[in-house]
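Worksheet: one structure, shown below.
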Amino acid sequence: MKTRYSVDTRALKIAMAAAGFDTYTSFAAATGISDKTVSSIARGKNPTYSVMCKMANALKLSPSQAGQIFFHDNLRIA
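In this text, residue positions in the sequence shown follow my numbering: the first is -9, and each later residue adds one.
Here's what the structure looks like:
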């Protein structure tokens, strides 16, 4: 059985709010990522490594927190 990972969109949105980002536009500006990319990831698209690093840095996530958000076990696919 192959394990599939996905973005925990709920946890990502909570982390964005906790870091003071109230819109995708403000978060995109802080990270240098386009609004469209941020929106896609917030809807569940998996980010590239470089985008994930920019997001994690802007949110001041620990490696463990970033792993929980960006490598969430998608049990519905298993």
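Glycine residues also receive a C-beta, built at the ideal position from the N, C-alpha and C atoms.
Check, Outcome
"Residue(s) in a DSSP beta bridge with residue -5", "63"
"Residue 53, buried or exposed, once every other Cβ within 10 Å from all chains shown has been counted against 16", "exposed"
"Between the CA atoms of residue 21 and residue 10 - distance to the nearest angstrom", "13 angstroms"
"Where residue 7 falls, given that 16 or more other Cβ within 10 Å makes a residue buried", "exposed"
"Per-residue burial, residue 59 [other beta carbons within 10 Å of its own, 16 or more giving buried]", "buried"
"Sequence-distant residues of the same chain with beta carbon closer than 6 angstroms to residue 56, five excluded per side", "46"
"Alpha-carbon to alpha-carbon, residue -2 and residue 38", "15 angstroms"
"Pairwise C-alpha distance: residue 63 and residue 36", "13 angstroms"
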